[in-house]
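Taking it in order: structure first as structure tokens, then the write-up.
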Amino acid sequence: MRAFHITWLTFFVCFFGWFGIAPLMPIVREDLGLTKSQIGNIIIASVAITVFARLLFGWLCDKIGPRISYTALLLIGSLPVMFIGLSDSYEAFLLFRLAIGVIGASFVITQYHTSVMFAPNVVGTANATVAGWGNMGGGVTLMVMPLIFAGFIGAGYLSNVAWRYAMVVPGVALFIMAFVYYFFTKDTPEGNLSELRKTNPEYRAKAKDSEGSFVAALKDYRVWILFLAYGACFGIEITIDNIATLYFIDNFHLGLKEAGVIAGTFGMMNIFARALGGVFGDKAGKKFGLKGRIFILGVFLLCEGLGLMVFSAMDTLPWAIATMLLFALFLKMSNGATYSVVPFINNKAIGAVSGIVGAGGNVGAVMAGFLFKSETISYRESLFIIGAVVIIVSVTALLLSLSKKTTQEFLHPQSSPVLQEAIVNP
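Read in the working numbering, the sequence shown has 355 at position 372, and its numbers run on one by one without any break.
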């Protein structure tokens, strides 16, 4: 449980650093004279490099363990967050935003760590809760960063300087959490991988097989369907985190603080919604096996897509807020449901599967970013198109729940080592 709490808190801080600049973009837009297309490129940059970082850190978790991996990521990620204020042009700001995107790999390490720390019958709930409470950092960021910015304004700084100093705060928090994670967590309940590989033959064998397990994960079509599913839920979540403040300012003519609070409620849904997805996934898994977990995911994605399409049509503020929270509920439950499936795909390559599926979330965000950078497509039209795509992905997930390989593992659990363990040790 100590690892559980430190992990979600660390992930929370990572979200604070990753999206700390998002609610300040109206100020940055004015300071640097950014166009809609340039803002779109910045949104894409913030999530693009994360695709590769998640694949790398997923592999590193299998190789060197989550403790060292997370420590390294936090130390590296804190630097561009603290120094993005040095940007004096669009190009410099874009490069810093790109570098900050590496922090997004924190999700894979978070999911890996809880996957190895908790028993199969509750791992979905553990994964969803730790990720949900961490993702909540995105909502808190949208609410708190405008207040930090206002604090620097109150101290006498001009707005073009205040946003730069404000970003030092999340950067320092990331740097501090690197030391907390290193000194107060362990890789597994049994101890750290570096020690276990010296004394435990099973861990030595896993270390030698890490490359083969990664290749096996790449060849499993179920991994790629989950890749698409996560792109359709988490990919859209981080896209909304990036554009929500701008969306409410431009469409409903709100101030920075008011738009930040409303946008923040989207992220704050993670305090319970993502955990619910994991709970429903675990309950379906106990009754129907792997196919039940995947079916629940497909239903949640379908409701998310429909909700997005409705939200895009709202032109009054109260209804826009209500429909945003509605699709947010199903989006975040889809996030949790996805990672209630991941630990059951290949228990010899949890890091690899987590990394590939997690990268899918950022691929989804990159694809959505191209819509939002278009000068001819409005934000409303982009959201409607995304909703339609999410519905298509939901059908793919529902078909996966009926696939021959998934059904065989439901009928013959011994073919899946993790499911077998869940049955033997409920």
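Backbone N, C-alpha and C fix where the C-beta goes; we use that ideal spot for every residue, glycine too. These figures come from a predicted structure and were not determined experimentally.
Local Cβ density within 10 Å of residue i, reported as buried at 16 or more and exposed below that
i	result
I22	buried
Y95	buried
R205	buried
T168	buried
F162	exposed
A138	exposed
G121	buried
D298	exposed
V127	buried
N225	buried
E358	exposed
E220	buried
M446	Outside the shown range of the chain, which is -16 to 409, sits residue 446, and nothing can be said about it.
Contacting residues, own chain, Cβ-Cβ under 7 angstroms from residue i (five flanking each side not counted)
i	result
Y164	I(-11), T(-7), R50, Y53, T54, L57
F40	S52, L56, A88, V91, I92, G338
F310	E287, G290, L291, F294
F283	G260, F313, M316, S317, A320
T112	A258, G261
V304	One detail in the question is off: residue 304 reads as Ile in this sequence, not Val. The residues are I245.
CB of residue i within 7 angstroms of CB of residue j, strictly
i	j	result
L77	A28	yes
A332	A200	yes
I223	L383	no
G154	S70	no
K356	S20	yes
T321	L385	no
F217	G115	no
L125	G243	yes
T97	N110	yes
V336	N330	no
I83	P63	yes
G370	A215	no
L354	I360	yes
V106	V349	no
M150	G250	no
Bridge partner(s) assigned by DSSP for residue i
i	result
T171	G174
Residues near residue i in its chain [Cβ-Cβ closer than 6 angstroms; skip 5 each side]
i	result
T108	G261, V262, D265
A156	V(-4)
V340	L209, F210, Y213, V325
A36	V85, A88
S142	I10
A342	V34, R37, L38
Residue i: CB within 6 angstroms of a non-hydrogen atom of the ligand FMN
i	result
I232	Within the structure as shown, the ligand FMN is missing, as the structure has no ligands at all.
Test: residue i CB closer than 7 angstroms to a CB of chain B
i	result
G23	Among the chains of the structure shown, chain B does not appear; only one protein chain is present.
Self-check item: Every unbroken alpha helix (DSSP H) within the region -3 to 79, with a cutoff of 4 residues, ordered by chain
Solution: If we require 4 residues or more, the alpha helix (DSSP H) runs fully inside the region -3 to 79 come out as 8 to 15, 19 to 47, 49 to 66.
Quiz prompt | Secondary structure, alpha helix (DSSP H): runs of 4+ residues fully inside the region 203 to 267 | solution = Look at the region 203 to 267 and you find these whole runs of alpha helix (DSSP H), each 4 residues long or longer: 204 to 235, 239 to 251.
Quiz item: What alpha helix (DSSP H) runs, 4 residues minimum, are completely inside the region 100 to 169?
Solution: As far as the region 100 to 169 is concerned, its whole alpha helix (DSSP H) runs of at least 4 residues are 106 to 137, 142 to 149, 151 to 167.
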